[in-house]
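Novice: Numbering-wise, the sequence shown is residues -23 to -1, 1 to 970 according to mature numbering (1 follows the signal peptide of the UniProt record, and there is no 0).
For each residue, glycine too, the CB sits at the ideal point set by N, CA and C.
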Amino acid sequence: MDTKPIHFLLICLSIFILHQSLAFGSMSRGDHAKVLCITKEREALLDLKQGLIDEYNMLSSWKNEECCSWRGVKCSNTTGHILALNLRGGIDNDSNIVTLTGNISSSLVKLQYLKYLDLSFNDFGGQIPKFIGYLKRLETLNLSGSYFTGPIPPQLQNLTYLRALDLRSNSLIFMSLEWLSHLVYLEYLDLSVSNVQEKNWLQEIIKLPNLRELHLSSCQLPIIDPSSPVSANISSSSLSILDISYNQYSSHAINSWLFNFTSLTSLALSGSNLGQISTGFGYLKSLEHLNLYVGGIQGEIPKSFENLSRLRSLDASSNNLSQPFSELLGILSGSNRSLEFLSFEGNALTGSLINLTRFSSLRELRLRDNLLNGIFHESFRQISSLEFLDLSNNQMTGPLPDLALFPSLRELHLRSNHFKGMIPQGLGQLSKLKILDVSFNRLQGLPESLGQLFDLESFDAPYNLLEGTISESHLSNLCNLKSLDLSSNSLTWNVSLDWIPCFQLQVIRLSSCNLGPLFPKWLQTQNSYSILDLSLNSISDTMPSWFPKSPSTLYSLNLSYNQISGKIHDLSANNALMVIDFGYNNFSGPLPRFPKLVSELRVDNNQFSGSLNSICTLRSPTILDLSENLLSGEIPDCGTPMSGLTVLNVANNNISGSIPYSLCSSTSLLSALYVRNNNLSGQFPASLKNCQGLKVLDLGRNTLSGKIPEWIGTKLAYLGILSLRFNEFSGSIPLSICQLQSIQILDLSVNHLSGGIPQCFSNFTTMELLQDGSSVKYDFNPYTPHVGTLYHGNAFVQWKNKESEYHNTLWLLKTIDLSSNKLVGDIPKDFSRMNALLSLNLSRNNFTGNIIEGIGLMKMLESLDLSRNHLSGKIPIGLTNLTFLSVLDLSNNNFSGRIPSSTQLQGFDSSTYGGNIQLCGPPLQECPTFAPPNPHVGYDRTSQENDDEFSSKEFYISMVLGFIVAFFGFLGSLLFNDSWRNAYFKWLNGCKN
């Protein structure tokens, strides 16, 4: 048979089909340009828009005919049906928060071809609409973070084509998870931050044959019954990513089922309560990412981790791991070729950095806040792949390594260690480096005793270890550098005056780097820094004329502890500046205009003069320290209360008048007010009634008069420090002062107070508690994120016969000073209950009676001054129990008897006991004693103390001589006089009868 005609026909047919296909394709492409969205679907979108509240104009483009071009809408290229609707809220490209509110219209159901729906991060509230369950073609549904509440509508089980379901961060309740079994194609499920009450939650989850990723973080998950048969079905699960963080699971609660998920590649157990970590992790040999952050882990990482040969990232930060770092690395040796990220921040690891060369893929190593105390081992210095290294807040020693061996470094954090020596020249070769922090490398000597803390506060005087010069060669190639922190070392900055760096810094912290005496000129080349700290640099220049033109991004400026002089230029144009510290300089003239948004302003210890009126231009200050200047006038009444102000310090100026009512309000946050050493007059400021959050009130050294108000103990109930010293207050101490349960420093000295000490002083419960370091410190947070520094409270205290200002140790100091008043009566016996009191000064009053017998119970006393009163009686022997006592003054009273014998009391100078004419014993003159005739009779301390009842040796001699004369006189009469002898024997016979 001839097949040629057939072949010819087939060829013709093929050409025809090809021609028709090309023609149809051309027509399709032509029609595509003309395809419009379906009218019914466009109207559905407009109905949806009408029910929503769009304050941020997210839907401003929803107005023309072509809905497929509207924001968040995606249509089919061929049919015009809407396939995707993305109305996600949150942060836009300009960092603005944008959200939708209102009601979701049921017209959404008309979008029957919808495959993708994202309504996340809006503010809808209420229950999830039931009609969403009728969008049966949906493959992705994201309703996360939109404030939905209540149970899940059962209609969601109709979404049988769903592949991804995200319901996290709402307030949803899952009584049952049976509806999930209908979603057989589901690959991704996130129910985090919900309330899952389904006891068989795991059994329902593993029914999903295609589930790859599961997130159940913070779901209050019920504990799985170890006897449940569910574990047998886990091994066939395809689950690869599992997050059950923050469900407080213990190792015991997960051992029976978790380690059967052998296909897991990522596991998150952060926020758990694991305790001793299970060896079962060794079964998860496919693991690549393991998150145990805040996992409640105690002890050590088990050796079974050697089996995790594919591990790429391990985060075990903020636990209580306490093994040597070298041992830990040995356990992780199985993943030495794969491990890229390793974080053990906030643990108790010890030892050196060694044996890291085998971890050839390591990119990030985070070990801050541990107890590492070794050096950089040679083998560590060969990890060329390392990009991020953080060893901050350890006890690392020795020199810094040759940084040229880490060419890939992008961030280097070595803050707060004990590294010493020079900054290596290899620093200049780290061309990729963005962040460098080697600040606070120093030794810090702690005093041996608590008393030294108050005498010297010596722990605030560390010895800096990093030294040498920072030159241009260190910095010339760091063109990518964004953050530079060399603070608090012994470094010297040495660059030429015309040096122009190649970098543009965002953070500049060069405190204590010897930049002076001139203001650094190279700062003119930096255009985008937000933090500038040049404190403690011996700069004795004036503020340069170009400095007010600092970058608009600058929000923290610290020039404190220099000798910068002259006037400060107007800084009000910088609307970003929030923290300013010009303290301890030589600035003069009136207070300049500061930016309105400044929240933390410190200009203390300068020579500013004039009024304080400029502070009223500040909108919401939290800390204002204007102390130690030449400011005058009154504290201004700014009209509106400064409700956010936490600290106001105007001490040591020439402020007069009184304290305005606008300083405090019912919502006031004022915690510390310092107005000492000014010229305030009048009575106790009634305006302070509304400052009910005050912890520190210092009105000392003014001319305030009248009575201390009765409301001080009720309205200012949180006071921990109250100083009214050196004023002219009169009247009695109000009883309500005993309600100050938190009082630690009470100083009412040098006034005209009369009456007695209230018996209720023993109610000061803080004075009975020995400090263990857990007490609230007087450090006030300025509420300025990232850059605001704690404001250390202070107090002027008469301590050990010396008036001193205390800062760092203030939270430990517990003193009562009522000296130099006109107080009378006895010292209350219950004072002995204040066994944590460190200093008691009742001198220069008119107290009578005795020293309380229980004074020996006040074992923490280091300073006791009862001088210049009318106290009498013996010095109690309990005083010898006060082993910390280093200052004692009992002079000018009416004490009598012997000073009790002890190394402590005899160690004081005689002036301690002077002016007590009936007092004797070392260190005063010896008390009179009687020596018994038998030199071998033992010494009796009690009999010695009783000898004090007799006045002199002559008394005993006279008594003995009198006895001898009388005795022999009587015997002589009987011998030589018969009548007397007969009468005497008759009398004896009568006595017998």
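(1) Can at least three beta-carbon pairs, one atom from the stretch 717 to 734 and one from the stretch 825 to 833, be found at a separation below 8 angstroms?
(2) Distance, Cα to Cα, R140 vs Y260?
(3) For M152, count neighbouring C-beta atoms within 10 Å of its own C-beta (all shown protein chains included) and say buried if the count is 16 or more, exposed if not.
(4) Check H9 in the structure and name its three-state DSSP category.
(5) Per DSSP, what are the beta-bridge partners of L235 in this structure?
(6) Could you name the residues that DSSP lists as bridge partners for Q775?
(7) Could you say if the stretch 814 to 821 and the stretch 837 to 855 meet the contact criterion of at least three C-beta pairs nearer than 8 angstroms?
(8) With burial defined as no fewer than 16 other Cβ atoms inside 10 Å of the residue's Cβ, what is the status of L430: buried or exposed?
(9) Does the separation of the CB atoms of I710 and I685 fall below 8 angstroms?
(10) For H266, write down the residues that DSSP places opposite it in a beta bridge.
(11) Out of curiosity, what's the CA-to-CA distance linking D886 and P899?
(12) Take every Cβ of the stretch 613 to 622, pair it with every Cβ of the stretch 637 to 654, and state whether three or more of those distances are shorter than 8 angstroms.
(13) Considering only the alpha carbon of each residue, which of Y124, Q104, L333 and G248 lies closest to P130?
(14) Please name the residue or residues paired with Q275 in a DSSP beta bridge.
(15) For the alpha helix (DSSP H) that contains S303, what are its first and last residues?
(16) Ends of the alpha helix (DSSP H) at G690?
(17) Got a sec? Which residues, its chain only, sit under 7 angstroms from I854 by beta carbon, not counting five neighbours each side?
(18) Which stretch, first to last residue, makes up the beta strand (DSSP E) that contains H390?
(19) Would the stretch 712 to 719 and the stretch 781 to 796 be scored as touching if the rule is three or more Cβ pairs under 8 angstroms?
(20) How do the stretch 626 to 636 and the stretch 607 to 616 stand: do at least 3 beta-carbon pairs fall below 8 angstroms, yes or no?
(21) If you scan the stretch 692 to 734 from start to end, which runs of the beta strand (DSSP E) of 3 or more residues do you find wholly inside it?
(22) Which residues in the same chain have their Cβ closer than 8 angstroms to the Cβ of S658, if we skip the five residues on either side of it in sequence?
(23) Nearest-angstrom Cα distance between N562 and S604?
(24) Go ahead and label E116 buried or exposed: buried means 16 or more other beta carbons lie within 10 angstroms of its beta carbon, across all protein chains shown.
(25) How is the beta strand (DSSP E) around H192 delimited, first residue to last?
(26) Go ahead and pull the three-state DSSP assignment for I612.
(27) Which residues in the same chain as N313 place their Cβ atom closer than 6 angstroms to its Cβ, once the five residues preceding and following it in sequence are excluded?
(28) Helix, strand or coil for C593, going by three-state DSSP, please let me know.
(29) Determine the direct distance from the alpha carbon of W470 to that of L492, and round the result to whole angstroms.
(30) Classify S522: buried if its beta carbon has 16 or more other beta carbons within 10 angstroms, exposed otherwise.
(31) What separation, rounded to the nearest whole angstrom, lies between the Cα atoms of N798 and S726?
(32) Taking L625 as the reference, which of H769, S565 and Q584 has the closest Cα?
(33) DSSP three-state label for S146, please.
(34) Helix, strand or coil for C45? Go by DSSP, reduced to three states.
(35) Distance check for S460 and L534, CA to CA, integer angstroms please.
(36) Which residues in the same chain as A10 place their Cβ atom closer than 6 angstroms to its Cβ, once the five residues preceding and following it in sequence are excluded?
Specialist: To lay it out plainly:
(1) The stretch 717 to 734 vs the stretch 825 to 833: no contact.
(2) Spanning the two alpha carbons is a distance of roughly 29 angstroms.
(3) That one is exposed.
(4) Model confidence at H9 stands at a pLDDT of 41, short of 50, so the residue's coordinates are unreliable; what they give is reported in the following sentence. Three-state result, H9: helix.
(5) Its beta-bridge partners do not exist; DSSP assigns none.
(6) Under DSSP, Q775 forms a beta bridge with E780.
(7) Yes, the stretch 814 to 821 is in contact with the stretch 837 to 855.
(8) Unreliable placement is indicated for L430, whose pLDDT of 45 sits below 50; no coordinate value is reported for it.
(9) One thing to note: I710 has its Cβ within 8 angstroms of the Cβ of I685.
(10) According to DSSP, which records beta bridges pairwise, H266 is partnered with S243 and S290.
(11) Pairing D886 with P899, the inter-Cα distance amounts to about 9 angstroms.
(12) Enough Cβ pairs lie closer than 8 angstroms, so yes.
(13) With distances taken between Cα atoms, P130 lies closest to Q104.
(14) Paired residues: Q253 and N297.
(15) F302 to I308 is the extent of the alpha helix (DSSP H) around S303.
(16) Residues I689 to K692.
(17) Within the same chain, I854 has close Cβ partners P877.
(18) From DSSP, the beta strand (DSSP E) with H390 extends over E388 to H390.
(19) No, the stretch 712 to 719 does not touch the stretch 781 to 796.
(20) By the Cβ test, the stretch 626 to 636 is in contact with the stretch 607 to 616, since at least three Cβ pairs between them sit closer than 8 angstroms.
(21) Those beta strand (DSSP E) runs which fall completely within the stretch 692 to 734 and span 3+ residues are 698 to 700, 705 to 709, 722 to 724 and 729 to 732.
(22) Taken in chain order, the residues that qualify are S633, G634, S635, N679, T680, L681 and S682.
(23) Across the structure, N562 and S604 are spaced so that their CA atoms are roughly 12 angstroms apart.
(24) Taking all protein chains in view, the Cβ of E116 is crowded by 16 or more other Cβ atoms within 10 Å, so the residue is classified as buried.
(25) Unbroken beta strand (DSSP E) run through H192: E190 to H192.
(26) For I612, the secondary structure class from DSSP, reduced to helix, strand or coil, is coil.
(27) Within the same chain, N313 has close Cβ partners R335 and F336.
(28) If DSSP states are grouped into helix, strand and coil, C593 belongs with the helices.
(29) Those two C-alpha atoms are separated by around 6 angstroms.
(30) The residue is exposed, with fewer than 16 neighbouring Cβ atoms inside 10 Å.
(31) When rounded, the distance between both Cα atoms is 7 angstroms.
(32) For the residues H769, S565 and Q584, the minimum Cα distance to L625 belongs to H769.
(33) In this structure, DSSP gives S146 a state outside helix and strand, which the three-state scheme calls coil.
(34) Reduced to three states, the DSSP call for C45 is helix.
(35) Distance between the alpha carbons of L534 and S460 is about 15 angstroms.
(36) Note that A10 has pLDDT 46, beneath the 50 cutoff, so the model's placement of it is unreliable and no number is given.
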